[in-house]
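*Asks:* Numbering (the UniProt record's numbering), first residue to last: 1 to 279.
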């Protein structure tokens with residue numbers, strides 16, 4: 001039994017109101033299937049869909065969905081079905097969904113499929129429960145069948161970022177895992193121990209540590225590990241050296257005549273005495 005979507009209050013976001021911006025380079029281009037008249041227009045629609053859903057990081061020849069492209073070219077499916085197929089593809093699952101937590105996955109998919117970021121943490125929690133109960137495909141279906149998607153894109157338009165004021169465009173954000181995921185994988189491999197304890201106790205070999213920690217960090221951290229010192233032994237050694245050290249007597253006896261330096265006249269190239277008139 002799936003849990004219904006929890007209620008959340010949408011905060012006031014820019015994408016929820018009509019904009020009055022002057023068109024510029026940030027103005028999104030709208031790609032419509034109904035406006036396509038030749039293969040060039042279809043290619044542009046397919047490229048825009050890949051760029052929006054897969055992001056430019058995953059647009060390579062091996063990731064293309066030839067079957068979906070063929071159906072779209074023959075008008076057997078509409079743009080919304082093509083977007084649905086990209087979201088349910090093996091590439092999207094392995095390269096985006098499997099390497100992110102549900103919260104970040106909600107943020108990424110909302111930006112890619114609805115063209116906006118999550119309103120607040122409540123919305124992320126609500127949609128993450130949908131992922132946990134219905135899975136990735138159920139989450140994508142819920143978004144593409146929602147009223148928000150139908151009102152903004154319908155069956156004919158490729159999703160786009162509906163408003164942008166700062167930061168990078170949504171489709172240029174790297175879909176790979178964030179810092180927290182990398183750190184969690186490191187701790188899982190090391191069994192909850194720190195890098196220092198794994199390096200000094202020898203529980204993990206150097207080769208095993210290199211699998212989860214970059215080599216440059218490994219070299220840097222290795223230089224920070226100093227040799228242990230026994231301060232009591234060092235203190236005792238210094239005291240014993242001072243005790244047995246013979247300092248020579250360099251004092252002078254009182255009756256010994258001290259050498260004197262006699263003044264020596266020096267001939268200067270000129271003579272000048274202040275206050276004396278010269279003729």
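Quick reminder that beta carbons are idealized off the backbone N, C-alpha and C, glycines included. All of these numbers come straight from a predicted model, not from anything done at the bench.
Please report the straight-line C-alpha distance between residue 4 and residue 130, rounded to a whole angstrom.
*Replies:* The count along the chain shown starts at 1 and reaches residue 4 at position 4. The count along the chain shown starts at 1 and reaches residue 130 at position 130. Approximately 8 Å, taken between the alpha carbons.
*Asks:* Inspect the beta-carbon positions of residue 31 and residue 109 and report whether they are closer than 8 Å.
*Replies:* In the chain shown, residue 31 corresponds to position 31, counting from 1. In the chain shown, residue 109 corresponds to position 109, counting from 1. No, the Cβ-Cβ distance between residue 31 and residue 109 is not below 8 Å.
*Asks:* Only counting runs of 4 or more residues, tell me where the alpha helix (DSSP H) segments fall wholly within the segment 142-168, in order along the chain.
*Replies:* 147-152
*Asks:* Among 102, 133, 75, which residue has its Cα nearest to the Cα of residue 38?
*Replies:* Walking along the chain shown from the start, residue 38 turns up at place 38. When only C-alpha atoms are compared, the closest one is 75.
*Asks:* Using the rule of at least 16 other Cβ atoms within 10 Å of the residue's Cβ for burial, across every protein chain shown, is residue 151 buried or exposed?
*Replies:* In the chain shown, counting from the first residue as 1, residue 151 sits at position 151. Looking at its Cβ environment, which holds fewer than 16 other Cβ atoms inside 10 Å, residue 151 is exposed.
*Asks:* Please classify residue 284 as buried or exposed, where buried requires at least 16 other C-beta atoms within 10 Å of its C-beta.
*Replies:* The structure shown does not extend to residue 284, since the chain spans only 1 to 279, so no value can be given for it.
*Asks:* Between 77, 136, 86, which lies nearest to residue 106 when the distance is taken from Cα to Cα?
*Replies:* Along the chain shown, one-based indexing puts residue 106 at 106. Out of 77, 136, 86, 136 has the C-alpha closest to the C-alpha of residue 106.
*Asks:* Does DSSP put residue 32 in a helix, a strand or coil?
*Replies:* Position 32 of the chain shown holds residue 32. Three-state result, residue 32: strand.
*Asks:* Tell me whether residue 67 sits in a helix, a strand or coil according to DSSP, three-state version.
*Replies:* If you number the chain shown from 1, residue 67 lands on position 67. Here DSSP, grouped into helix, strand and coil, assigns residue 67 to helix.
*Asks:* Can you tell me whether residue 262 is buried or exposed? The criterion is at least 16 other CB atoms within 10 Å of its CB, across all chains shown.
*Replies:* Indexing the chain shown from 1 puts residue 262 at position 262. Exposed, by the Cβ-count rule.
*Asks:* Restricting to runs no shorter than 4 residues, where is the alpha helix (DSSP H) found entirely within the segment 68-151?
*Replies:* Taking only runs of at least 4 residues, the alpha helix (DSSP H) segments lying wholly in the segment 68-151 are 79-87, 102-109, 121-144.
*Asks:* Closest to residue 53 by CA distance: which of 33, 80, 42 is it?
*Replies:* Along the chain shown, read from residue 1 onward, the residue named residue 53 stands at position 53. That would be 80, whose Cα lies nearest to the Cα of residue 53.
*Asks:* Rounded to a whole number of angstroms, what is the C-alpha to C-alpha distance between residue 119 and residue 230?
*Replies:* In the chain shown, counting from the first residue as 1, residue 119 sits at position 119. In the chain shown, counting from the first residue as 1, residue 230 sits at position 230. In this structure, the straight-line span from the alpha carbon of residue 119 to that of residue 230 is close to 58 Å.
*Asks:* Taking the alpha helix (DSSP H) that residue 27 belongs to, which residues open and close that run?
*Replies:* Counting from one through the chain shown, the residue named residue 27 turns up at place 27. Neither: residue 27 is in no alpha helix (DSSP H) and is coded neither H nor E.
*Asks:* Can you name, in chain order, every residue of its own chain whose Cβ lies under 6 Å from the Cβ of residue 46, other than the five neighbours on each side?
*Replies:* Indexing the chain shown from 1 puts residue 46 at position 46. So the qualifying residues of the chain are 69.
*Asks:* Just tell me which of 126, 78, 83 has its CA closest to the CA of residue 7.
*Replies:* Here residue 7 corresponds to residue number 7 of the chain shown, with the count starting at 1. When only C-alpha atoms are compared, the closest one is 126.
*Asks:* Determine the contact status of residue 64 and residue 140, defining contact as a CB-CB distance below 8 Å.
*Replies:* Numbered from its first residue, the chain shown carries residue 64 at position 64. Numbered from its first residue, the chain shown carries residue 140 at position 140. Taking 8 Å as the Cβ cut-off, residue 64 and residue 140 do not qualify as a contacting pair.
*Asks:* With residue 240 as the anchor, note down where its alpha helix (DSSP H) starts and where it stops.
*Replies:* The residue you call residue 240 lines up with position 240 of the chain shown. Segment 231-243, the alpha helix (DSSP H) holding residue 240.
*Asks:* Hey, how far is the Cα of residue 163 from the Cα of residue 223?
*Replies:* Locating residue 163 in the chain shown gives position 163, counting from the first residue. Locating residue 223 in the chain shown gives position 223, counting from the first residue. Straight-line Cα distance between these residues: approximately 48 Å.
*Asks:* Please list the terminal residues of the continuous alpha helix (DSSP H) segment that includes residue 41.
*Replies:* Walking along the chain shown from the start, residue 41 turns up at place 41. Taken as a continuous stretch (DSSP letters only), the alpha helix (DSSP H) holding residue 41 covers 39-53.
*Asks:* So, with DSSP's three-state summary, where would you put residue 58?
*Replies:* Locating residue 58 in the chain shown gives position 58, counting from the first residue. Three-state result, residue 58: helix.
*Asks:* For my contact list, residue 114 and residue 78 are in at a C-beta cut-off of 8 Å; report their separation, rounded to the angstrom.
*Replies:* Along the chain shown, one-based indexing puts residue 114 at 114. Along the chain shown, one-based indexing puts residue 78 at 78. That pair is no contact at about 17 Å.
*Asks:* Is the distance from the Cβ of residue 160 to the Cβ of residue 28 below 8 Å?
*Replies:* The count along the chain shown starts at 1 and reaches residue 160 at position 160. The count along the chain shown starts at 1 and reaches residue 28 at position 28. Yes, they are a contact pair.
*Asks:* Within 10 Å of its beta-carbon, does residue 233 have 16 or more other beta-carbons around it, so buried, or fewer, so exposed?
*Replies:* For this step, residue 233 is matched to residue 233 along the chain shown. Counting Cβ neighbours within 10 Å, residue 233 comes out exposed, since fewer than 16 surround it.
*Asks:* State the DSSP-derived secondary structure class of residue 223, mapped to helix, strand or coil.
*Replies:* Taking the chain shown and counting its residues from 1, the one referred to as residue 223 is at position 223. Three-state result, residue 223: helix.
*Asks:* Below 8 Å on the Cβ atoms is my contact criterion, and I expect residue 103 with residue 124 to pass it. Report the Cβ-Cβ distance as a whole number of Å.
*Replies:* Position 103 of the chain shown, counted from the first residue, corresponds to residue 103. Position 124 of the chain shown, counted from the first residue, corresponds to residue 124. About 5 Å; that satisfies the 8 Å criterion.
*Asks:* In whole angstroms, what separates the C-alpha of residue 50 from that of residue 58?
*Replies:* For the purposes of this step, residue 50 is taken as residue 50 along the chain shown, with counting starting at 1. For the purposes of this step, residue 58 is taken as residue 58 along the chain shown, with counting starting at 1. Rounded to the nearest angstrom, the two C-alpha atoms are 8 Å apart.
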